[in-house]
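Working notes, structure below.
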Amino acid sequence: MSKHQAIRAIRVEIERLNQEIDLKIIRGASYRREALRHKTLMAQLARLSPRRKYFAGFGNFVRMFLF
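Written out as structure tokens, the structure reads:
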């Protein structure tokens, strides 16, 4: 599985999990297990996703006005 496919699969799983958590909140049921799974998936996504540098976007913004 490529990195892109892994990121996509994790995002799909997070969406499914969010829907499940929402339903449990509405029903008043405990969603502890789902919350832990969500936390784990978010950590995996953070490791796989490219990190954005703070000044990268700022440099593009400045270049827009200089040139």
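Using our numbering, the final residue of the sequence shown is 70, and nothing's skipped along the way. Backbone N, C-alpha and C fix where the C-beta goes; we use that ideal spot for every residue, glycine too.
| Query | Result |
| --- | --- |
| For residue 49, the first and last residue of its enclosing alpha helix (DSSP H) | 35–51 |
| Cβ-based neighbour list, residue 48, same chain, cut-off 8 Å, excluding 5 preceding and 5 following | 10, 13, 14 and 17 |
| Span separating the alpha-carbon of residue 45 from that of residue 68 | 36 Å |
| Residue span of the alpha helix (DSSP H) that contains residue 9, given as start and end | 6–30 |
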